[in-house]
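According to this note's numbering, the stretch in the sequence shown is residues 185 to 480, in order.
Built from N, CA and C at the ideal position, the CB exists for glycine as well.
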Amino acid sequence: MITSDYLLKAMDKNKQVRVNIAHTTTLVEEARRRHNTSATASAALGRVLTAALIMGSDLKNEKDALTLRINGDGIAGPIVASVDSVGHGRAFISNPAADLPSCSPGKLAVGELVGRGGYLEVIKDTGMKQPFVGRVNLVSGEIAEDLSSYFLLSEQIPSLIALGVLVNTDLSIKAAGGLIIQAMPGADDIILEKIENNVLQMDSISTVMFQGKDLESVLEAVMGDIAYEVIANRPLAFKCTCGRERLVAILANLTREEIEETIEQTGKLEVSCNFCGEVYNFTEQEIMYKKTKALD
Ligand SMILES: [Zn+2]
Numbered sequence: 185m186i187t188s189d190y191l192l193k194a195m196d197k198n199k200q201v202r203v204n205i206a207h208t209t210t211l212v213e214e215a216r217r218r219h220n221t222s223a224t225a226s227a228a229l230g231r232v233l234t235a236a237l238i239m240g241s242d243l244k245n246e247k248d249a250l251t252l253r254i255n256g257d258g259i260a261g262p263i264v265a266s267v268d269s270v271g272h273g274r275a276f277i278s279n280p281a282a283d284l285p286s287c288s289p290g291k292l293a294v295g296e297l298v299g300r301g302g303y304l305e306v307i308k309d310t311g312m313k314q315p316f317v318g319r320v321n322l323v324s325g326e327i328a329e330d331l332s333s334y335f336l337l338s339e340q341i342p343s344l345i346a347l348g349v350l351v352n353t354d355l356s357i358k359a360a361g362g363l364i365i366q367a368m369p370g371a372d373d374i375i376l377e378k379i380e381n382n383v384l385q386m387d388s389i390s391t392v393m394f395q396g397k398d399l400e401s402v403l404e405a406v407m408g409d410i411a412y413e414v415i416a417n418r419p420l421a422f423k424c425t426c427g428r429e430r431l432v433a434i435l436a437n438l439t440r441e442e443i444e445e446t447i448e449q450t451g452k453l454e455v456s457c458n459f460c461g462e463v464y465n466f467t468e469q470e471i472m473y474k475k476t477k478a479l480d
């Protein structure tokens with residue numbers, strides 16, 4: 185039984201196909217709790233965060249970062265996930281309370297909530313002067329299909345993607361996870377067909393995650409009789425990069441007048457982080473001290 189979130193990355197012996205499987209139930213539940221998302225918003229947010237964490241596992245250097253942004257024209261508003269190269273991710277959905285009735289039994293209306301118009305954007309910051317930015321139009325707003333279109337059009341990588349989130353009636357997350365299978369350049373069509381058939385015979389990815397099988401046995405089912413090798417196995421977690429120090433530095437850029445005006449209007453100096461919902465309270469002295477230090 186799986187009790188914690190992790191990612192497994194494997195490759196067939198002839199290095200033609202790469203398979204990533206992620207179990208993300210605990211971290212998607214943390215995102216849901218932090219943002220107080222509706223059932224459908226949880227599914228949308230969970231799919232985006234799961235996909236971003238899998239993509240982050242391909243970053244080469246420790247300081248590299250990746251942002252996956254879904255700018256749909258639906259009522260969810262933009263959904264953004266930001267991940268590092270070591271398995272930490274954070275994410276938000278602009279309208280966490282937005283929800284829509286399901287159109288088919290057992291299926292949340294993610295595509296409708298996200299919207300079918302708009303774009304998907306990937307930003308990779310690998311320490312170069314300019315970050316890499318890839319952008320494609322959304323296909324269905326269901327995230328997996330949209331991402332598959334991104335990989336094909338922007339990175340020329342044929343992919344098979346499944347992302348799933350199951351939500352309990354009390355809105356907590358029952359199960360979440362994802363699968364991204366990618367053909368390497370020159371991959372044999374037969375091996376791809378084989379894998380696709382194996383995946384089609386499996387239950388949906390969210391059901392597989394709910395069944396609690398470890399990812400090693402899910403990988404076995406995906407690969408069938410194809411010989412493979414596990415190339416990475418790492419824990420995944422919800423983790424934000426915000427913190428008091430960082431926010432004090434940002435607030436110190438405000439003028440004394442702006443700071444005083446905010447305190448006058450709201451009675452406090454409060455900042456909440458978009459990505460994790462954490463609320464920070466500061467005193468005027470704290471900010472002014474930083475301001476004078478910055479001038480030294
Ligand atoms: Zn934060």
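Residue burial classification, residue i (beta-carbon count within 10 angstroms, cutoff 16)
i, result
"glutamine 395", "exposed"
"methionine 393", "buried"
"alanine 486", "This structure cannot speak to residue 486, because the chain is shown only from 185 to 480."
"alanine 411", "exposed"
"phenylalanine 316", "exposed"
"aspartate 372", "exposed"
"glycine 325", "buried"
"isoleucine 345", "buried"
"methionine 185", "exposed"
"isoleucine 254", "buried"
"glutamine 469", "exposed"
"valine 463", "exposed"
"alanine 265", "buried"
"leucine 337", "exposed"
"glutamate 214", "buried"
"arginine 440", "exposed"
"glycine 370", "exposed"
"aspartate 409", "exposed"
"glutamate 377", "exposed"
"tyrosine 295", "Tyrosine is not the amino acid found at residue 295; the sequence shown has glycine there. By the neighbour-count rule (16 or more Cβ atoms within 10 Å), glycine 295 is buried."
"tyrosine 473", "exposed"
"glycine 483", "The question about residue 483 has no answer, for the chain in this structure spans 185 to 480."
Counterpart residues of residue i in DSSP-defined beta bridges
i, result
"proline 419", "Tyr190"
"lysine 291", "Ser288"
"glutamate 305", "Arg253 and Arg319"
"tyrosine 464", "Val455"
"phenylalanine 276", "Val264"
"isoleucine 365", "Val203 and Leu344"
"tyrosine 412", "Asp196"
"alanine 359", "Leu350"
Contact under 9 Å by Cβ, residue i with residue j
i, j, result
"glycine 348", "threonine 391", "yes"
"leucine 304", "alanine 293", "no"
"threonine 208", "leucine 233", "yes"
"asparagine 321", "glycine 301", "yes"
"threonine 150", "alanine 275", "Residue 150 cannot be examined here, being either before or after the span of the chain that is shown, 185 to 480."
"isoleucine 263", "alanine 228", "yes"
"glycine 271", "glycine 240", "yes"
"glycine 318", "glutamate 339", "yes"
"methionine 368", "valine 201", "yes"
"lysine 193", "valine 414", "yes"
"glycine 273", "lysine 423", "yes"
"threonine 187", "isoleucine 277", "no"
"proline 342", "leucine 191", "no"
"phenylalanine 459", "threonine 425", "yes"
"alanine 436", "lysine 475", "yes"
"isoleucine 327", "glycine 299", "no"
"alanine 405", "asparagine 381", "no"
"alanine 236", "valine 267", "yes"
"aspartate 269", "lysine 291", "Looking at the sequence itself, residue 269 is serine, so the reference to aspartate does not match. No."
"lysine 308", "aspartate 248", "yes"
"isoleucine 443", "leucine 431", "no"
"isoleucine 389", "leucine 438", "no"
"isoleucine 379", "isoleucine 364", "no"
"glycine 362", "isoleucine 238", "yes"
"serine 226", "leucine 355", "yes"
"asparagine 198", "isoleucine 375", "yes"
"methionine 407", "aspartate 196", "yes"
"arginine 216", "isoleucine 357", "yes"
9 Å Cβ cutoff, residue i in contact with chain D
i, result
"arginine 253", "Of the protein chains in the structure, only one exists, and it is not chain D."
Q. Taking any heavy atom of ligand 1 as the mark, which residues have a C-beta closer than 7 Å to it, listed down the chain?
A. Arg274, Cys424, Thr425, Cys426, Cys457, Phe459, Cys460 and Glu462
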